[in-house]
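Below is one structure; the comments refer to it alone.
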Amino acid sequence: TDKQDLDDDPEGSQGFCLLNNVAVGAAYAKCIYRHAIKKVAIVDFDIHHGNGTEAIVRHLKGRPASAPKGGAMEMRGYSIRIQAAAPPSCKPWLDPVGDAQSVFFASIHSYGGGFYPGTGKDCNEAAPRIINVALRQDSTSADFRHRFRTKVLPELYAFGPDIVFVSAGFDGHEDDLVGNCRMVDEDFVWVTERLVSVANKCCQGRLVSVLEGGYNSRAEALSPFAQAVAGHVRTLMHASPNYRAAEPEGEEACQALRGEERRRAEERLQAK
1 TDKQDLDDDP EGSQGFCLLN NVAVGAAYAK CIYRHAIKKV AIVDFDIHHG
51 NGTEAIVRHL KGRPASAPKG GAMEMRGYSI RIQAAAPPSC KPWLDPVGDA
101 QSVFFASIHS YGGGFYPGTG KDCNEAAPRI INVALRQDST SADFRHRFRT
151 KVLPELYAFG PDIVFVSAGF DGHEDDLVGN CRMVDEDFVW VTERLVSVAN
201 KCCQGRLVSV LEGGYNSRAE ALSPFAQAVA GHVRTLMHAS PNYRAAEPEG
251 EEACQALRGE ERRRAEERLQ AK
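So that you can map any letter, position 93 of the sequence shown is 93 in UniProt numbering, and since no number is skipped, the others follow by simple counting.
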């Protein structure tokens with residue numbers, strides 16, 4: 001991830017939000033329910049890199065102070081110098097020492113080819129725990145599931161959160177207007193089931209889902225966005241408190257999924 005893109009600098013603001021809802025919720029839970037919630041996990045499956053959340057999590061750990069910014073201007077014969085103090089390098093939620101050890105952030109997203117915001121190459125870092133899983137353009141269901149299963153889930157289970165926050169974005173759908181991947185409704189059900197399973201095993205089912213992207217709502221309740229969200233919410237509502245996803249899924253399941261993808265691609269070609 002490019003350092004300049006992650007600096008807490010108003011000139012580098014990006015995205016469609018003034019407030020980061022999932023980070024606000026995670027910080028609130030960690031502070032207000034501190035006796036029960038020591039470790040917080042945030043998992044982002046929006047097709048765009050969660051660069052804002054990553055920047056917030058990175059600031060939980062102090063960094064070397066950057067030099068103040070300044071400039072000069074002439075006005076009516078007077079020389080005016082302006083100097084702005086550098087922002088604080090550490091912005092803890094609760095504990096300036098312990099926060100970096102007790103917050104987990106993972107983002108699985110499209111990366112490369114100029115796709116917005118252009119950050120989020122593969123990384124796996126500790127203290128704070130930050131995992132970026134980059135998908136290539138036109139990634140399929142099998143690509144998404146394989147990388148989430150192998151890169152995110154093992155690390156999330158090992159972290160052992162006391163609560164899981166989900167940045168639930170649906171713009172990776174193959175019929176979305178903004179995303180550039182080929183996920184389908186069943187993929188969002190699948191990833192929701194896996195996150196529910198983590199919450200059931202690690203933290204008594206504590207899971208909070210926050211809506212993120214999804215831009216094809218033209219058919220309203222029948223739109224790809226609405227249908228994907230509905231599948232996600234149904235899974236959250238109806239999953240048993242004892243639900244455990246069968247992991248890892250074998251190669252046969254992966255082959256079957258790739259076969260289904262080929263069938264859908266052939267149907268689209270025939271429709272044209």
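For each residue, glycine too, the CB sits at the ideal point set by N, CA and C. These figures come from a predicted structure and were not determined experimentally.
In the DSSP assignment, what are the bridge partners of residue i?
| i | result |
| --- | --- |
| ASP44 | SER107, SER167 |
| VAL210 | SER167 |
| ILE131 | ALA106, ASN124 |
Does residue i pass the burial test, meaning 16 or more other C-beta atoms within 10 Å, or should it be called exposed?
| i | result |
| --- | --- |
| GLY250 | Any reading at GLY250 needs caution, since the residue's pLDDT is 44, under 50, leaving its predicted position unreliable; the model's value is listed next. It is exposed - the Cβ of GLY250 has fewer than 16 other Cβ atoms within 10 Å. |
| ASP138 | exposed |
| LEU222 | exposed |
| HIS35 | exposed |
| TYR33 | exposed |
| GLY172 | buried |
| TYR28 | exposed |
| ASN216 | buried |
| LEU19 | exposed |
| GLU267 | exposed |
| ALA41 | buried |
| ASN124 | exposed |
| ALA219 | exposed |
| VAL152 | buried |
Just to confirm before moving on: does the CB-CB distance between residue i and residue j stay below 8 Å?
| i | j | result |
| --- | --- | --- |
| PRO154 | PHE104 | no |
| CYS90 | HIS59 | yes |
| ASP143 | VAL133 | no |
| SER107 | HIS49 | yes |
| PHE159 | PHE225 | no |
| SER209 | ALA239 | no |
| ARG182 | THR119 | no |
| ARG136 | GLY112 | yes |
| GLU212 | ASP46 | yes |
| PHE165 | GLY231 | no |
Count the C-beta pairs between the stretch 195 to 205 and the stretch 230 to 247 that are closer than 8 Å, then say yes if the count reaches three, no if not. yes
If contact is defined by three or more beta carbon pairs under 8 Å, each pair taking one atom from either stretch, is the stretch 178 to 185 in contact with the stretch 21 to 35? no
Segment contact flag, the stretch 188 to 196 with the stretch 126 to 140, C-beta cutoff 8 Å, min 3 pairs: no
Counting only runs that start and end within the stretch 167 to 240, where is the beta strand (DSSP E) found for 3 or more residues in a row? 207 to 211
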